[in-house]
Every structure is written in structure tokens, then in C-alpha cells.
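Just so we're aligned: the sequence shown equals residues 1448 to 1615 in my numbering.
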Amino acid sequence: MQVSISGTGQLLDLQRKLRRAGHENIRSSMQRRIRRAGEPLRSDLQNSIRYLTITSAGRKAGKRGGASPTTRPLRASIARAIRISVRTTGNPGARVWVDRSALPPDITNGVLARLNEGRLRHPTFGNKRRWGQQNATPLWWDRPIRNHQPRMAREVARVLDDVQRRLS
């Protein structure tokens, strides 16, 4: 799961101009400002997953239960794995994504996608023969992105205009 603002002709053209001019301080300033534009989105996504309501039907009468086989909380693990990157070379742009390498091995992209859809099926207490379903508020990833996209596009356009003005 990721969101990107990249590949615009203006950004590619600006990248070429920066490389020719050799202004390293302008490039680092541009990266810093674009990253700063993405920070509120990252923070909003982290809060969205941290406070996501997850419910289940509960145990039926006479069914046994027990402690969870894992000690780490799902929502906090996902929130810690949300990252931002800004590139000015190659395929320039800004990207917000969930870093799979920062997640425990049992949380996959499939789990993240199903959680975004509003449902999560998993083995009951680690038992692969018994499965349970939990429901969550859908679109925890999509809503914040939709809300922040116009602001981020305006902010990136403002940064690019400032840098182009400095290069002219």
C-alpha cells in the first residue's frame, strides 16, 4: 500500500536543471520541503490505524479462549511501519508506504489490504484449523490519502515553483 506523487513533466524537467546547475543546497532544501509536506499525511495515517476500531462477534457459549499467541499489538506495529521517501533522481517524487521489512513476518500485504476493506480473517489463537473474522472501520488508508492529496499537490507545486524561480 502506497501513495505517490511523481513523474510529472515539471518535476522531471526541474531534476535535469538541478543536475546541470549543481545546486546541492537547493536540492536538499527541496527534498526537505517535500518531505515536510508529506509529514501530516504520514501522521494522519498512523493515527488512523492506531485508533482503528476492530470488533468481533465474540466467543460463543461454552467455547474456550486463551491468551493471544503474540505479544505485539497489530495496530501499533503497522503505525510504526508507515514511511515517507522523497527522490529527486531516477523516478522523482514523494511516496508514503507501509514498510514490509518493519512489520512482523505474519503481517503481509494481504492483511493490510483486507484490513483496509474492513475485515480481517485470521487463525483463532494461532490454530490454523479454526478461523475467526474481525471487522474494522473500512478505508483507514484511503480516506486520509484522499483528504491530504489536494493539499500535498498544492504544496509540491509551490516548492517546485520556488526552486524553478531560484534556478532562473
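Idealized CB from N, CA, C, for every residue including glycine.
This structure is a prediction, so every number in the text was calculated from the model and none was measured.
To the nearest angstrom, how far is it from the Cα of residue i to the Cα of residue j?
| i | j | result |
| --- | --- | --- |
| L1614 | L1607 | 11 Å |
| R1463 | G1557 | 38 Å |
| R1486 | I1531 | It is Glu, not Arg, that sits at residue 1486 in the sequence shown. So the alpha carbons of these two residues sit roughly 8 Å apart. |
| K1575 | R1542 | 36 Å |
| L1458 | L1465 | 10 Å |
| R1577 | H1569 | 9 Å |
| M1599 | A1484 | 6 Å |
| R1547 | G1505 | 30 Å |
| A1549 | P1597 | 29 Å |
| S1503 | I1554 | 19 Å |
Please confirm whether residue i and residue j have their CB atoms less than 8 Å apart.
| i | j | result |
| --- | --- | --- |
| V1545 | I1481 | no |
| R1497 | A1468 | no |
| L1559 | Q1580 | no |
| A1583 | L1562 | yes |
| Q1493 | A1526 | yes |
| W1616 | L1499 | This structure cannot speak to residue 1616, because the chain is shown only from 1448 to 1615. |
Could you say which of the options lies nearest to residue i if we only look at CA atoms?
| i | options | result |
| --- | --- | --- |
| P1591 | A1484, S1548, L1461 and D1491 | D1491 |
| L1488 | Q1611, D1609 and E1602 | E1602 |
| P1552 | E1564, L1458, A1541 and R1519 | R1519 |
| G1565 | P1585, T1571 and G1573 | P1585 |
Using a Cβ-Cβ distance under 8 Å, would residue i count as near chain D?
| i | result |
| --- | --- |
| W1544 | The chain inventory of the structure shown lacks chain D, comprising one protein chain alone. |
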